[in-house]
Structures are given as C-alpha cells and as structure tokens.
Amino acid sequence: MLKKLLLSFPFFSICSLLIIQSYAQDCLISTAATDLDANNVNARLAIGGDLWWSGSDGRYIVPKPVGNDPEVTAFHVGGLWIGGFDSGSNLKLAGQVYGRAFGKTDYFPGPLSGSGQTILDDCINYDRFWTTNSTDINAHIADWADNGVIDGPIPQSILAWPGRGNPFFESIHGFELPFGNQGMAPFYDNNFDGIYEPENGDYPNINGADQGTWWVFNDAGGIHSETGGNPTQMEIQVLAYAYASTNENINNATFYDYKFVNHAADQIDSTYVALWADPDLGCYIDDYVGCDTAHNLGYVYNNDALDGISNCDDCLGLNTYCEEIPIVGIKILRGVLAPKLYCNGVDASDGLCNPPLNSSISPDTIVELGLSTFMYYNGNSFPGGGGGATNDFYDLMSASWPDGTRLTVGGDGYNPGSTDYTNFAFPSRPDDSTGWSMCTEGTPDADRRMIMGLGPFRLAPGAINEMSFAVIFAEDVPHPCPDISPLLEAADDVQELHDGIITSTENLAVSPVNIQFQPNPMTSQAELVFDELENSVQQVSIYSIDGKLMRVYDSNFGKSLTIEKGELIQGMYFYKILTEDFKVYSGKFVVQ
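Those letters in the sequence shown? Residues 26 to 617, by our numbering.
This is the structure in structure tokens:
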C-alpha cells in the first residue's frame, strides 16, 4: 500500500529522500526475503533491520488462510532501532522504518571485521538467509545416535549452515566464513571444540523448533539514509524460528533471537535497543495499542467491535478481521544484560536520568532489562509536533517526545506542565475502567505506531549482548475494551517454552521440563537441579554468552550438580545438559 506509506512516513519528506539517495554507498541495499511459515503464521523476513513486509505490503499473516480464506495481516512492518552515545557524547544511531520502499537503509548485509568494517563482496555474499528444519536435524541426530558415526548423507541444510569453522561452507557457498569471537549461526557442539563439524554430530541449534532461519547484518556498510545517524559499528545476528505445535498459543507465535556485537573502538553509553512496529490489525485506521509491564509486552487491539472503517469491507481495499477480532502482541522473552547504573547517586536503571549517563559510573551488579519504555505515535504526527531529526529516534526509545518533553501519565501522554513522568504509555488493561488506556481515554481513530525500548545500558568495545522476543496472537477476543487475559496466557506459554527445553529430539508441543538453577544470579556457588529428567545425565557444559566453552562436567551425577563461581566473571552464561538418550536441555544463569 504505497499510498499508506506516503501518508504515514514521519521522519523524512519525499524531497529529502531524493537528496539522500544521491550519496554514494559502499554496500547496496538488501533485496533478499524469505518466509517463516512452519505453523499458523506466515511472516516475511528481510535482511536490513526490518521485518514482516514486502517493501510495500504487510506480510505478517495470522492465521494462515485455509482454502479461499482471505489473507489478513496483523503487522504492516517492524524495525530495529539502536542508539547510544560515544565517550565524546556524540549520538550514534541506526534504525529502520519504511525506508526500503524508497531505497533508504541504515543496515547492510553481512558481518563486520574486528575493526568494524565491511566490504562490498561481503554485503553481496550475505544478502541471503540460511534455513533448516526439524526433519533434517532429527535425521542427523538419529544417524549419529545409533553408533556415534555419521553413516548416511548429511542433509544440505545442515552441511550449508554458517556455524563457526564449518569445513563444508566455502565449497558450498563460494566464500569463507569469518572466524572471530562473535561466532556465527548457533549450533550444538557435540565434542565441545567450538567448531561446527556436521560429520562429528554437530547440528544447527534452532531451539528445538520446526523451522529456523538465520541471517546477519550491520550498520557500517554505508551512509545511514534512513535516520541520518552516525554508525554504531554494530553487527546483528538473528535467528527466527517457529513451532508447529498442538498448543495453539505456540502454533500462533513466531520467535526471534538477536545478538548484538559492538565492533566500535569506543564504548557506547546510555544505549537503547528498540522494536518499532506499525501494527495494522486488519484495518489499520482503527487500532489501539497498550503495554503490560509485568509481562514485558506491547500489544494492539481494535477500538470497536467491528474491524473496518464503516463495515468489514471498508478499509481502502485491505482485508479485515471483521467481527472475529484478535489481539496481537510483541513479548520480550529475554532482555539485554546491563550494569545497574546510578546518576548523581540515584538508581538510574529505570532510565529516568537525563541521557547520556556519565560514562565514569561503575556497575555494582548485572541485571537483565526487560521492557524499559513503551511509546506510540499516530501516523505522521506527534503530540507537540516535531519529528524529522536523528535524535527523535533516540527520544522515542527513551520515553520522550520529539520536542524533548518527557512522557507523562494521562491523556495522550503529552503534558509539558506535568512532572508525573512515566516510561510506559497506556499500561492499563483496556477493560479496566479506572486505568490509563486508549480505551478509557477514547483516543480518536489513527494509524498507530509503537516503540518498545530496552535500556539504558553500556556496550564496551567488543561486547556482545542479546535479546529474544516472540510475536503472539489471541484470536476472536470480544471487543471493544477487551479483556487481554487470552493474550497474557499466550505470553506465559511462549515464556515457559523459551525458558525450558530449547533443543530436543522431540516435538516441543509438550510442556518443558522443570530444571532449576538456584540461586540465580549466583555469587559464589549454585545448584543445578534436574531431578525431573526421565533419563540419566551424561554431561553438563557451561558456555559464556559468546559461545565459548567454559567447563564440562561428565561424571558423578545424581539429581543435581553444584557449580562453583571460580573463574567465571560477571555476566550471563548458558548450561547444556546431555542425557543418556541424547536429548539436550539448556538454560541461562547470571554470575554476579
């Protein structure tokens, strides 16, 4: 819908687009696209920091049509924003909204070198996706499990997987993989040597899903024609995956793991990452948005009981959900890790300190940041006006309007005379008549946008950070002012799946096993308890957040294992448990 894009493009005028396109770039804009479609969702994936659209039309379709049923989209487009300040207090920023429709981008395909550079050949070579599935993975696991040797042919999706050091990769693709500390596509390392060797039983780690797709991009391949920001020199690796499950909440969800690698020579302070979305819930003109902070969730619902402008068929030619209106949300499953920050002696972990935070402040502990801010705007307008400058992206991520006014409680969230600051717009449930929601405010019709921010945090040179989220769906929820309990149930289901079994030879329609790591975070030692596992544990391994093998325990297992802190420094780690029937379970823990 190009007309919709032109009417709703808030950050640059069309005239400025033509000027920006005249500058030369080292890399070309990505053209690759693929679909994540293993379950009841068909989600379009793109390389350059945006998701869920074709470059013109929305392509997050749920439920997947049956027979002659029409395709109805829940999201028109989504995008990744990253921003922070260098040691000279200069803003570094990358973001993506609608630019690909006009040949504009802040992101480019491929990894970065250790010095934060890329070349045209890498941009061309990595303008692609790598996809595998549970059928190939389970066949490969079974081949190894019967006698500890790969006897049959290795599935092509496993041979071609861009795991670190893959000896087959260059002959298949015609170019070499980098061999840096950032790693590449995730894999199960059967012999724990840090090298992806399919012939030795290694296989892609897609978190036990039925379909997994991996890609890598960066913001250092050319000028930032979308935002006008200075590059962060960030490499971003993404794994998108889906489960074909008998659990409807899982079958209606898609999952995304993002890894951020800072290749800049300078630290980035007061960093925010954000998920920006234009949620078109069928008809785009009658959407309301809100958030649930307890569930790290942003969501979209309809403002009345009929999806459409005046009737189900009235929405500028777009298909609608008509009277069976869902609620769709973005759920943060794992937030970025951050030092607990202070500003002038006051805890600033909630982001209420005016950025940039003083770079000399030291962390006293490591925390995981969930949903830190939730902002919105309407089409091409903001309360108080403004919109068009690079720092507007950062303002929105950090709960301020483009004119610098902080978000405040009540009304539309814009009240320059108020000091009742908040980080979250419309945090009350729509059916709570005493709360603050678009429903209780009677917000007029508009084409909504929402921004879900995580921050502030600091990225040191070479630092690696990660986040995971899921898009969830609750169908046919009574409107208006709906009870969002069905969506919260879906949020709980995807969180439990994420926190439980993440790699298994079984279909993950079953409930995850209860494995406990206590205490978490750990200070001196912790207990890993796996007494609910049906089969004996053969091995437990500990990995750092960048995939480095730290420890292996391979004997004297009962129903638990004591893990000493020892040489483990502050940060996030992952454990993997291998049972005698070759099932793998894993989870995360934090060391203080």
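Even glycine gets a Cβ: it sits at the ideal position worked out from N, Cα and C.
Count the other CB atoms, across all protein chains shown, that sit within 10 Å of the CB of Ser114; report buried if there are 16 or more and exposed otherwise. exposed
DSSP puts Met492 in a beta bridge; with which residues? Tyr283
Limits of the unbroken alpha helix (DSSP H) element including Ser569: Taken as a continuous stretch (DSSP letters only), Ser569 belongs to no alpha helix (DSSP H), being part of the beta strand (DSSP E) at 562-569.
Please classify Asn64 as buried or exposed, where buried requires at least 16 neighbouring CB atoms within 10 angstroms. buried
Going straight from the alpha carbon of Tyr283 to that of Ile357, what length do you get? 11 Å
Between the alpha carbons of Gly253 and Met259, how many angstroms are there, rounded? 16 Å
Within 7 Å, strictly: CB atoms of Leu306 and Ala99: yes
Specify, as a first and last residue, the run of the beta strand (DSSP E) that Thr296 falls within. 293-303
Simplified DSSP state of Ser585, which is helix, strand or coil: strand
Please state if the CB of Ala267 and the CB of Gln236 are separated by a distance shorter than 7 Å. yes
What are the partner residues of Glu393, as DSSP defines its beta bridges? Leu362
Taking the straight line between their C-alpha atoms, what separation do you get for Phe399 and Ser425? 10 Å
In the structure shown, what three-state DSSP assignment does Asp420 receive? helix
At which residue ranges does the stretch 110-146 contain complete alpha helix (DSSP H) runs of 4 or more residues, listed in the order of the chain? none
Tell me Tyr578's beta-bridge partners as DSSP assigns them. Val565
Does the stretch 180-199 come into contact with the stretch 126-134, if we say contact requires no fewer than three beta-carbon pairs (one atom in each stretch) closer than 8 Å? no
Whose C-alpha, out of Ala119, Gly128, Tyr228, is nearest the C-alpha of Thr160? Tyr228
Close Cβ partners of Pro455 (< 6 Å) along its chain, the five nearest in sequence each way excluded: Ser462, Cys464, Cys506, Pro507
C-alpha distance - Thr548 paired with Gln617, whole-angstrom precision: 5 Å
Cut-off 8 Å between Cβ atoms - residues of its own chain near Thr143, not counting five sequence neighbours on either side: Asp51, Cys52, Phe133, Gly135, Pro136, Leu137, Asn243, Ala245, Gly246
Nearest to Met475 by CA position, among Thr56, Ser79, Val102, Arg69, is which residue? Val102
Could you name the residues of the same chain whose beta carbon sits closer than 6 Å to that of Trp239, not counting the 5 residues immediately before and after it, in chain order? Trp155, Ala210, Leu264
Whole-angstrom Cβ separation of Ile275 and Val565, contact assumed at under 8 Å? That pair is no contact at about 27 Å.
Compute the distance between the beta-carbons of Thr296 and Gly480, then report whether it is under 7 Å. yes
Does DSSP classify Met463 as helix, strand or coil? helix
Same chain, Cβ closer than 7 Å to Glu552, five either side skipped, listed in chain order: Gln543, Ser585, Thr587
7 Å CB neighbourhood of Leu61 in its chain, flanking five on each side removed: Ala68, Leu70, Gln236, Thr238, Ala265, Ala267, Thr279
So, with DSSP's three-state summary, where would you put Pro511? helix
Less than 7 Å between the beta carbons of Val325 and Pro304, yes or no? yes
Mark Ile602 as exposed unless 16 or more other C-beta atoms lie within 10 angstroms of its C-beta, in which case mark it buried. buried
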